[in-house]
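Enquirer: Counted from 1, the sequence shown has number 278 at position 279 by numbering that gives the first Met the number 0; the numbering is strictly sequential.
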Amino acid sequence: MAVASNLRINGERLWDSLMEMAKIGPGIAGGNNRQTLTDDDAKGRDLFKKWCDDAGLSMGVDQMGTMFARREGTDPEALPVYVGSHLDTQPTGGKYDGVLGVLGGLEIIRTLNDMNIQTKHPIVVVNWTNEEGTRFAPPMLASGVFAGTHTLDWAYDREDAEGKTVGEELKRIGWVGDEEVGARKMHAFFELHIEQGPILEAEEKDIGVVTHGQGLSWMQITLTGRESHTGSTPMPMRVNAGLGMARVTQLVDEIAWSHAPLAVGAIGHCDVYPNSRNIIPGKTVFTVDFRHPDKAIIEAMENELREGAQKIADDIGLEIEMEPVGGFDPVKFDDGCVTAIRSAAERLGYSHRDIVSGAGHDACWINRVAPTAMVMCPCVDGLSHNEAEDISPEWATAGTDVLFHAVVETAGIVD
Ligand code: HGY
Ligand code: MN
Ligand code: MN
């Protein structure tokens, strides 16, 4: 049954909650640095749990620390409709990446409570652990375990730059749950997310109906040369791992451009050792991020990288190791869920267009185990993974209205 078009969420309350959550783990330039499994992440979790308690939800937590806040349906046997995203942020992250999807899910519950509306299927709001993958690679770690892509032990062993593991840090912040990861079965999963790209704003569209998500490949490269004095070492004697990284950086850009217009490639993470002003780098470790909607093109870019990086290393006399440290295939979301989102946007009178997600999301993994789809709202200048990330309250409201209608329609309103 379609949800009446006059049913809308409370945009002001949603915005207040977004601003409240943004106070936890502040960045240095107006955004957030609430990285996964830090004390700030724990504070964000505590605030979300308090709000869920206030909304009468029962909280379950699985062994990866993912939070599941449940509102009962009239049919307790019916599989729940899940809705959510992530509360962890990049080190120089924005206030809305992930957070809008979690608090948008909570706003749906708050609105149903206000209107005393019951649904047949229960509704569960989710905060997935470690979506960003910055502190602990790969991204979408907990949703990947939930979808059976990674084992729990492998996920627990992921290490940060200081050698701390996911398992240790999860225990330290007190968020190891008792539920088996992936045991929960879903009727459907919906995720609201900012676009993190320029299309919706440029086309003045309120809503992105996400039909697909592009694929991702993360290749970690280690180049080993020889540390030596930057002043007294003659050029012909140098084995410069920093030079190797610079040439591979140029190669990555050339590979992406050679598969234009859809391919993208960059190196976002790099460590230089010993990183001293007057020592030629003996070692560099960096991660190549390639993305494309077509798996064959991603594989072609990976092959071109392997060949080209090997040649660069040979030319300079460097040792090279190349290790895949993350990735997932392009995804096509569920037609039924996508249609629920598109018809909600139409019913509510919001301008919309189909879109392929450029960024990865937990929905990309959950799509393997449940009918899944995403709603997107625009963001200013398409900017994200930057503290200046910004959206308007109107965009947040529109995206959450559409999410509300798609979730409640799928959960079934009971008169
Ligand atoms: O990497 C991604 O696409 C996501 O933002 N973690
Ligand atoms: Mn995100
Ligand atoms: Mn992100």
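All residues carry an ideal CB built from backbone N, CA and C; glycine is no exception.
Give me the Cα-Cα distance between Glu203 and Lys163, rounded to the nearest whole angstrom.
Expert: Against the sequence shown, residue 203 aligns to sequence position 204. Against the sequence shown, residue 163 aligns to sequence position 164. Cα to Cα, the separation comes out at about 44 Å.
Enquirer: Which residues, in chain order, sit with a beta-carbon under 6 Å away from any heavy atom of ligand 1?
Expert: Glu130, Glu131, Gly132, Pro138, Ala358 and Gly359
Enquirer: Does the distance from the C-beta atom of Phe285 to that of Ile254 stay below 9 Å?
Expert: The sequence position of residue 285 within the sequence shown is 286, counting from 1. The sequence position of residue 254 within the sequence shown is 255, counting from 1. Taking the C-beta atoms as reference points, Ile254 is found no nearer than 9 Å to Phe285.
Enquirer: Ligand 2: which residues have Cβ under 5 Å from any of its heavy atoms, chain order?
Expert: Asp96 and Gly97
Enquirer: Do you know whose CA, among Leu250, Lys48 and Ile311, lies nearest Val287's CA?
Expert: One-based indexing of the sequence shown puts residue 287 at position 288. Distances from the alpha-carbon of Val287 to those of Leu250, Lys48 and Ile311 put Leu250 closest.
Enquirer: What does Arg225 pair with, by DSSP beta-bridge criteria?
Expert: Taking the sequence shown and counting its residues from 1, the one referred to as residue 225 is at position 226. The partner list for Arg225 (beta bridge, DSSP) reads Val238.
Enquirer: Is Asn277 buried or exposed, if buried means 16 or more other CB atoms sit within 10 Å of its CB?
Expert: Your numbering for residue 277 matches position 278 in the sequence shown. Result: exposed.
Enquirer: Given a threshold of 16 other Cβ atoms within 10 Å of its Cβ, counted over all protein chains shown, does Ser231 qualify as buried or as exposed?
Expert: In the sequence shown, counting from the first residue as 1, residue 231 sits at position 232. Its Cβ having fewer than 16 others within 10 Å, Ser231 is exposed.
Enquirer: Report yes if the CB atom of Val124 is closer than 9 Å to the CB atom of Ala182, and no otherwise.
Expert: If you number the sequence shown from 1, residue 124 lands on position 125. If you number the sequence shown from 1, residue 182 lands on position 183. In this structure, Ala182 does not lie closer than 9 Å to Val124 by Cβ.
Enquirer: On the CB-based measure, 16 or more other CB atoms within 10 Å of its CB, does Ala372 come out buried or exposed?
Expert: Here the question's residue 372 lines up with position 373 in the sequence shown. Its Cβ being crowded by 16 or more others within 10 Å, Ala372 is buried.
Enquirer: Where in the stretch 232 to 300 do unbroken runs of the alpha helix (DSSP H), each at least 4 residues long, occur, reported from the N-terminal end onward?
Expert: Those alpha helix (DSSP H) runs which fall completely within the stretch 232 to 300 and span 4+ residues are 240 to 257.
Enquirer: Got a sec, what are the start and stop residues for the alpha helix (DSSP H) Gly100 sits in?
Expert: As a position in the sequence shown, residue 100 is number 101, starting the count at 1. Residues Val98 to Met114.
Enquirer: To the nearest angstrom, how far is it from the Cα of Gly97 to the Cα of Ala262?
Expert: Translated into positions along the sequence shown, residue 97 becomes position 98. Translated into positions along the sequence shown, residue 262 becomes position 263. One alpha carbon belongs to Gly97, the other to Ala262, and they sit about 24 Å apart.
Enquirer: Tell me which residue opens and which closes the beta strand (DSSP E) that Glu320 is part of.
Expert: Position 321 of the sequence shown, counted from the start, is the residue given in the question as residue 320. Run containing Glu320: Glu318 to Phe327, per the beta strand (DSSP E) assignment.
Enquirer: Would you call the stretch 58 to 68 and the stretch 127 to 135 in contact, with 3 or more CB pairs under 8 Å?
Expert: yes
Enquirer: Put Ser342 into one of helix, strand or coil per three-state DSSP.
Expert: By 1-based counting over the sequence shown, the position of residue 342 is 343. Helix, per DSSP.
Enquirer: What is the C-beta distance between Ile390 and Tyr95, in whole angstroms, given that I count them as a contact (C-beta under 8 Å)?
Expert: Locating residue 390 in the sequence shown gives position 391, counting from the first residue. Locating residue 95 in the sequence shown gives position 96, counting from the first residue. 5 Å between Cβ atoms; contact.
Enquirer: Can you grab the Cα-Cα spacing for the pair Asn366 / Asp333, in whole Å?
Expert: What you label residue 366 is simply residue 367 of the sequence shown in a count that begins at 1. What you label residue 333 is simply residue 334 of the sequence shown in a count that begins at 1. Whole-angstrom Cα-Cα distance: 8 Å.
Enquirer: Quick one: residues in its chain with C-beta nearer than 6 Å to the C-beta of Gly32, no 5 flanking neighbours on either side, listed in chain order?
Expert: Stepping through the sequence shown from its first residue, residue 32 is reached at position 33. Checking the displayed sequence, the identity of residue 32 turns out to be Asn instead of Gly. Excluding residues within five positions, the ones whose Cβ falls inside 6 Å are Gly24, Gly26 and Pro90.
Enquirer: Once you ignore the five residues that flank Gly348 on each side, which residues in its own chain have a CB closer than 8 Å to its CB?
Expert: On the sequence shown, position 349 is the one that residue 348 refers to. Correct list, in chain order: Ser4.
Enquirer: Just to confirm, does His268 get its C-beta within under 8 Å of one of the non-hydrogen atoms of ligand 3?
Expert: Residue numbering aside, residue 268 sits at position 269 when the sequence shown is read from its first letter. Because no heavy atom of ligand 3 lies under 8 Å away, the Cβ of His268 does not count as near it: no.
Enquirer: Leaving out the 5 sequence neighbours to the left and right, which residues in its chain are closer than 6 Å to Ala343 when beta-carbon positions are compared?
Expert: The residue labelled residue 343 in the question sits at position 344 within the sequence shown. So the qualifying residues of the chain are Val401, His404 and Ala405.
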